[in-house]
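Below you'll find the structure, written out as C-alpha cells, and then a few comments.
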Amino acid sequence: PSNQILFYPYLSNKPYIRKILSSWEEIGEVDEDYAPIHTYQVCRVMEQNQNNWLHTNWILTEGAQRVYIELKFTLRDCNSLPGGVGTCKETFNMYYYETDEDRAMKESRYIKVDTIAADESFTELDLGDRVMKLNTEVRDLGPLSRKGFYLAFQDLGACIALVSVRVFYKRCPFLVKSLAEFPDTIPGSEASQLVEVVGHCINNSMPLYEPPRMHCSADGEWLVPIGKCVCKPGFEEMSGYCQVCKVGFYRSQLESSACSKCPPHSVARQTGATSCSCEDEYHKIDSDPPNMACTRPPSAPRNAISNVNETSVFLEWSIPMETGGRKDVRYNILCSRVLPDGRGLEECGPNVRFLPRRVGLSNTSVMVADLQSHTNYSFLLEAVNGVSEMAKDYTKQYVTLNVTTNQAAPSPVSVVRKGYTGKSSIGLSWAEPDRPNGIILEYEIKYFEKEQDSSYTIIKSKETEMVVEGLKASSVYIFQVRARTSAGYGAFSRRFEFQTSPYCEYTGTIQSTMAARCGFVCLRPDPEEEKMHFHNGHIKFPGVRTYIDPLTYEDPNQAVHEFAQEIDVSFISIERIIGAGEFGEVCCGPLRLPGKREIQVAIKTLKAGYTEQQRRDFLWEASIMGQFNHPNIIRLEGVVTKSKPVMIITEYMENGSLDTFLKKNDGQFTVIQLVGMLRGIASGMRYLSDMGYVHRDLAARNILVNSNLVCKVSDFGLSRVLEDDAEAAYTTRGGKIPIRWTAPEAIAYRKFTSASDVWSYGIVMWEVMSYGERPYWEMSNQDVIKAVEENYRLPGPMDCPEALYHLMMDCWQRERTNRPKFDEIVCLLDKLIRNPSSLKKLVNSSHSARTKSVGEWLDSIKMGRYTELFVEGGYSSLEMVTQMTSEDLRRVGVNLAGHQKKIITSIQEMRVHMNNTNSPINI
Numbered sequence: 001p002s003n004q005i006l007f008y009p010y011l012s013n014k015p016y017i018r019k020i021l022s023s024w025e026e027i028g029e030v031d032e033d034y035a036p037i038h039t040y041q042v043c044r045v046m047e048q049n050q051n052n053w054l055h056t057n058w059i060l061t062e063g064a065q066r067v068y069i070e071l072k073f074t075l076r077d078c079n080s081l082p083g084g085v086g087t088c089k090e091t092f093n094m095y096y097y098e099t100d101e102d103r104a105m106k107e108s109r110y111i112k113v114d115t116i117a118a119d120e121s122f123t124e125l126d127l128g129d130r131v132m133k134l135n136t137e138v139r140d141l142g143p144l145s146r147k148g149f150y151l152a153f154q155d156l157g158a159c160i161a162l163v164s165v166r167v168f169y170k171r172c173p174f175l176v177k178s179l180a181e182f183p184d185t186i187p188g189s190e191a192s193q194l195v196e197v198v199g200h201c202i203n204n205s206m207p208l209y210e211p212p213r214m215h216c217s218a219d220g221e222w223l224v225p226i227g228k229c230v231c232k233p234g235f236e237e238m239s240g241y242c243q244v245c246k247v248g249f250y251r252s253q254l255e256s257s258a259c260s261k262c263p264p265h266s267v268a269r270q271t272g273a274t275s276c277s278c279e280d281e282y283h284k285i286d287s288d289p290p291n292m293a294c295t296r297p298p299s300a301p302r303n304a305i306s307n308v309n310e311t312s313v314f315l316e317w318s319i320p321m322e323t324g325g326r327k328d329v330r331y332n333i334l335c336s337r338v339l340p341d342g343r344g345l346e347e348c349g350p351n352v353r354f355l356p357r358r359v360g361l362s363n364t365s366v367m368v369a370d371l372q373s374h375t376n377y378s379f380l381l382e383a384v385n386g387v388s389e390m391a392k393d394y395t396k397q398y399v400t401l402n403v404t405t406n407q408a409a410p411s412p413v414s415v416v417r418k419g420y421t422g423k424s425s426i427g428l429s430w431a432e433p434d435r436p437n438g439i440i441l442e443y444e445i446k447y448f449e450k451e452q453d454s455s456y457t458i459i460k461s462k463e464t465e466m467v468v469e470g471l472k473a474s475s476v477y478i479f480q481v482r483a484r485t486s487a488g489y490g491a492f493s494r495r496f497e498f499q500t501s502p503y504c505e506y507t508g509t510i511q512s513t514m515a516a517r518c519g520f521v522c523l524r525p526d527p528e529e530e531k532m533h534f535h536n537g538h539i540k541f542p543g544v545r546t547y548i549d550p551l552t553y554e555d556p557n558q559a560v561h562e563f564a565q566e567i568d569v570s571f572i573s574i575e576r577i578i579g580a581g582e583f584g585e586v587c588c589g590p591l592r593l594p595g596k597r598e599i600q601v602a603i604k605t606l607k608a609g610y611t612e613q614q615r616r617d618f619l620w621e622a623s624i625m626g627q628f629n630h631p632n633i634i635r636l637e638g639v640v641t642k643s644k645p646v647m648i649i650t651e652y653m654e655n656g657s658l659d660t661f662l663k664k665n666d667g668q669f670t671v672i673q674l675v676g677m678l679r680g681i682a683s684g685m686r687y688l689s690d691m692g693y694v695h696r697d698l699a700a701r702n703i704l705v706n707s708n709l710v711c712k713v714s715d716f717g718l719s720r721v722l723e724d725d726a727e728a729a730y731t732t733r734g735g736k737i738p739i740r741w742t743a744p745e746a747i748a749y750r751k752f753t754s755a756s757d758v759w760s761y762g763i764v765m766w767e768v769m770s771y772g773e774r775p776y777w778e779m780s781n782q783d784v785i786k787a788v789e790e791n792y793r794l795p796g797p798m799d800c801p802e803a804l805y806h807l808m809m810d811c812w813q814r815e816r817t818n819r820p821k822f823d824e825i826v827c828l829l830d831k832l833i834r835n836p837s838s839l840k841k842l843v844n845s846s847h848s849a850r851t852k853s854v855g856e857w858l859d860s861i862k863m864g865r866y867t868e869l870f871v872e873g874g875y876s877s878l879e880m881v882t883q884m885t886s887e888d889l890r891r892v893g894v895n896l897a898g899h900q901k902k903i904i905t906s907i908q909e910m911r912v913h914m915n916n917t918n919s920p921i922n923i
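Residue numbering for the sequence shown follows UniProt numbering, starting at 1 and increasing by one per position.
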C-alpha cells in the first residue's frame, strides 16, 4: 500500500511502449504456468553494430521526487549460440529523459541510468525444456524536478526478452495514531531524508504538551513519533476514540487516559465532568490534587502527657484518632497561667519560649521553657489541618493539660556594673535575675585575671553589690555572677571585663556603704562572704559549708538532729506495706503536719530487736538526705526517733524504683521522655557533685519515679563525702561494691570520685534506654571486670539514639579525667531535648519493613510472643498489619492494654511513614 504505481505496460491494451527501431518485437507467450504474457524481444546477435532502442511514453511523476524501475527480463547465454557470433552481448542499457511536456526526444538527449546485466541466462537446453530463467532488477531515479519523464532501453547485440517494466514511487500512507491524523505524504528526494509531518488531533482530543509529529522516510515508512493527542478533560480514550465521562466519574488531568471515579466524599452529577464537588461538611483546598478525597478538620490530639523539669514542661501527644483524611495535620499550643484563688486564667507572656514553636507544629511534641516556678499552668493542644478554616461552624478540637512547675534555679544575672575602682579593688553591682524562681539566698562572684581562666576565685554575697579586693593594679579582670536559691545555683552571667587603675575613682553607682578607699570609707567584705578558690578545675572549700559526713560527728545522734526534723509519730498514719528494706519494712501513708496540707509519704521502719549500731546505721542515711534540697534528690520529710518503731519519712514516689518501672512499661515511652528522665537524674547528680558528695551506688534500682515521671536519686547507704583532695581514695566499711555499675579504678583501687559516679551514670543511661535490662546480662562479676579491663563496653541498646550512646561511651572512658562532668552532661541533654531531630539517628536502626517479616517486626518492638497469633489470624504481611485496629488486636489474642498500646503506636508510625513517602517502611 505504500507504493504508488506510475507505469505498468501490460495492465491494459494501451500502447505504453514505443518501438524506435523495428528490431524489438512484441511477442505473446505463456509462462511456466501457461498464463499468457507479452514481451518485447530482440536477438540480432548474428549481425554487426547493433543499436536497437525501445522507449516508453511520457510518465507523469505525480509529485514524486524519486521513482523506482523494476525490470523483469530473460537473456540468452552467448556461449550457447552457434559459433562465429562476434557481436553477442549479455547486457543492455537503461536511459531516461526528464521533461515538463509530452514530446519525444532524440536518443542523444537521454541520460544513462545503468547497464543491466542478467544474474541468470538461459541456454538452448532451457528452451527445449521450456524453462524461463527470469531476472529482476530494480533501479531508482532522483531527484526528479519535472512533471514527467521517459524511459528508454538500448540493445547493442544481446538476445533479450523484456517481460515487465514497472515504474513506481513510495509514499507514507494516511495514518491515524494516538488520536492524530497524518495525511498521505511523499518522501523527500534523498534516501536519508525524513519529512516531518504535523498531525491533526481528532475526536475531542487535544495535543499533550506539543502538537503530534511523525517523520516520513524515503522507504515510505512513518518513523520517529513525537508528541501525541489525548482526550480533552471530561473525556477518556476507549478503542482509539474519546468517550465522555459518565456520571460519578471525572477526568481533569491530561496525563491520565481514563475517567476516574470521584474520590471519597465527592460527587459528579453530570457527564463530562472535569472535577468532583465535595459533599456537605467536606472540603478541599486549591493545592489538593483532583484525585484526593474531600476532607474535614481533625479530631483532638490523643494521649497527651507532660513531663515537668523544673520550670520547663515537655508536652507530648499522639496524632488525632481522625485526621480528617489529610496529611497536613498541624498543632497549636495555647499556654495559660492559672491565677491564684480561682481568679481564672491569664495567657502566658512573651517571655515563655516554645521549642521549636507555638503554632504550626508538625511533630507531636513541644518544649515550653522559662515558666515560673511553683506555678499552675493550663495548656490547650489544638489539632488543625488545611481545611479547618474552610469548615463552617467549625468547633476547635483540643485537649487540655494542667501542670505544676517545680522549684528551679534562678535565671542568669543579665547585667553587672562597675562602680568604685581602686588600685587593688573593684566595686560591682548587679540586678536580681529576671526569673529568680524563688528566694535568692546568695550570689557567687567568679573572677580571674584575663587570659588566666585556669585559676580563678569565687566569693559570695547576700547583697547585690560587692567590693572585690586583692587585685593587681592596672590589670584587666573577668567577672561573672550567678544567684542561688533553695533549688541550687543558676547559670553564670556572661563575662564582664573591668580594669583596675593606678589611682582611685568613684562613679557613684555603688551604695554609700561601699564607698571608695580614696577619700571614702572602704569596708571589708561581710564576714559571711566566703571564698572558694579554684585551680586547674579543682575545687578548694576553705570555710565554706558543704556536705558533712555524719561519721565525723562524735555522737551520730547529733548529726541526725542537726540535719533531720523530728516528727511526732501521731502525725503519721501507716496505711500499707509497699516493700522491705535492709532494716525493716517500707510503708506508705499520709503525713499531717500542723498548718500544712496532708501529703503522702514513704515510711522506712526499723524492725524490733535492733542493736544501737543498727539504729545508728539506719539513721545515718537520714543524716545524709537531710543535707540535700533539690528537685531530683529524694526529699527527707523527717525522722521519728523518740518513739518506736524508729522511722525515716521521705516523699512518696508513686512509680517506685526506675528499673522496675521501666520493665513494667517496656517500650511505652518516647525517646524524649526517656531523655527527660536521664536529664533529671543528671541534674540531681550535678547537685551532689557540687556539694562535694560521691554517691558510689548510682543505679536504676536506686532512682525513684513519681507520678509525673520525675526521677529522683535515692539510697545513700554506700555514699561517702568527697574530701578536699579531688583525688581522695575511699575505703568501704566492708560493704560490697556493685561491680556492674562501678568504674574500673573504684573496683581496683577503691578510688571513688564524682568521675566514678559519671561511669555509673553511663550504666544508668544504658538501663533506661534498654528498659531495665541487666547490665552485662548473665556474665559473672569476674567476667565483667575482665571484659571492662580489656576495653569491652556495653553495646548500644535497641533503637537507642546515636547521640545518647556516644555520651554513654564518654562516661565509660578508662581515664577518669576524660569523662564528662555532670554539668556538661546536663547541658548536652538539654540541647538534645531542645532539638529532638538530633535523636532520630539510631545506633542500630531496623531494616526496611518491606524486607522484614511480621515476626521480625514484633521482635523489634519486643512483642515477638504474639507472632504465631498474628499469623494464625491472617496477618502475614506488614501491609496487612498496618490496617489493624485495637479490636483486631483483641481478636487475635493481644489482651494486655499495655501491649495493645505499644503495638498500635508502632502501627501508627508505619502508617504515617507510608503516607509521607513512597520509600519502604522503616520500623
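Note that the Cβ used here is the ideal one computed from N, Cα and C, for glycine as well.
Nearest to residue i (by Cα), restricted to the options the options
i	options	result
Ala-304	Phe-379, Pro-263, Val-195	Phe-379
Asp-715	Asp-219, Ala-746, Leu-709, Val-694	Val-694
Val-338	Asn-376, Gly-589, Pro-320	Asn-376
Gly-28	Ser-164, Phe-479, Val-413	Ser-164
Met-653	Val-713, Ile-861, Gln-813, Val-671	Val-713
Lys-112	Gln-154, Asn-79, Leu-71	Gln-154
Asn-708	Gly-667, Ser-121, Arg-834, Asn-402	Asn-402
CB contact flag (residue i, residue j, <8 Å)
i	j	result
Pro-797	Ser-760	no
Arg-296	Trp-317	no
Gly-148	Ile-59	yes
Ser-299	Ala-383	yes
Asn-629	Ser-411	no
Gly-234	Pro-211	no
Leu-658	Val-639	no
Residue i versus residue j - alpha carbon distance
i	j	result
Val-467	Ser-429	9 Å
Ser-217	Ile-160	36 Å
Lys-396	Leu-381	10 Å
Cys-245	Thr-271	5 Å
Tyr-241	Leu-162	51 Å
Leu-355	Ala-369	8 Å
Asn-204	Cys-229	10 Å
Ser-256	Leu-208	11 Å
Ser-906	Val-854	12 Å
Gly-581	Gly-864	36 Å
Ile-903	Ser-877	15 Å
Val-705	Met-884	34 Å
Chain-order list of residues whose beta-carbon lies under 7 Å from that of residue i (same chain, five-residue window excluded)
i	result
Gly-595	none
Gly-488	Ala-409, His-630, Tyr-687
Glu-196	Arg-213, His-215
Ser-277	Ser-266, Val-267
Contact set for residue i: own chain, Cβ-Cβ below 8 Å, skip 5 residues either direction
i	result
Glu-279	His-265, Ser-266, Val-267, Cys-294
Asp-140	Arg-66, Val-67, Tyr-68, Ile-69
Val-892	Tyr-866, Leu-869, Phe-870, Glu-872, Gly-873, Tyr-875
Contact set for residue i: own chain, Cβ-Cβ below 6 Å, skip 5 residues either direction
i	result
Lys-607	Gly-584
Ile-577	Glu-585, Cys-587
Thr-323	Pro-298, Val-329
(request) Entirely within the stretch 801-830 and at least 4 residues each: give me those alpha helix (DSSP H) ranges in chain order. (result) 802-811
(request) Jot down the residue ranges of each uninterrupted alpha helix (DSSP H) in the stretch 84-159, minimum 4 residues, whole runs only, in chain order. (result) 124-128
(message) For a minimum of 3 consecutive residues, which ranges assigned as the beta strand (DSSP E) are wholly contained in the UniProt domain "Fibronectin type-III" (297-408)?
(response) 302-309, 312-318, 330-338, 345-347, 353-355, 365-369, 376-384, 397-404
(message) Which complete beta strand (DSSP E) runs does the stretch 186-235 hold, if anything under 3 residues is left out?
(response) 195-198, 205-207, 213-216, 222-226, 229-231
(request) Could I get the ranges of all uninterrupted alpha helix (DSSP H) runs contained in the stretch 542-583, with 4 residues as the minimum, in chain order? (result) 556-563
(request) Would you list, in sequence order, the uninterrupted beta strand (DSSP E) runs of no fewer than 3 residues that lie entirely inside the stretch 754-798? (result) none
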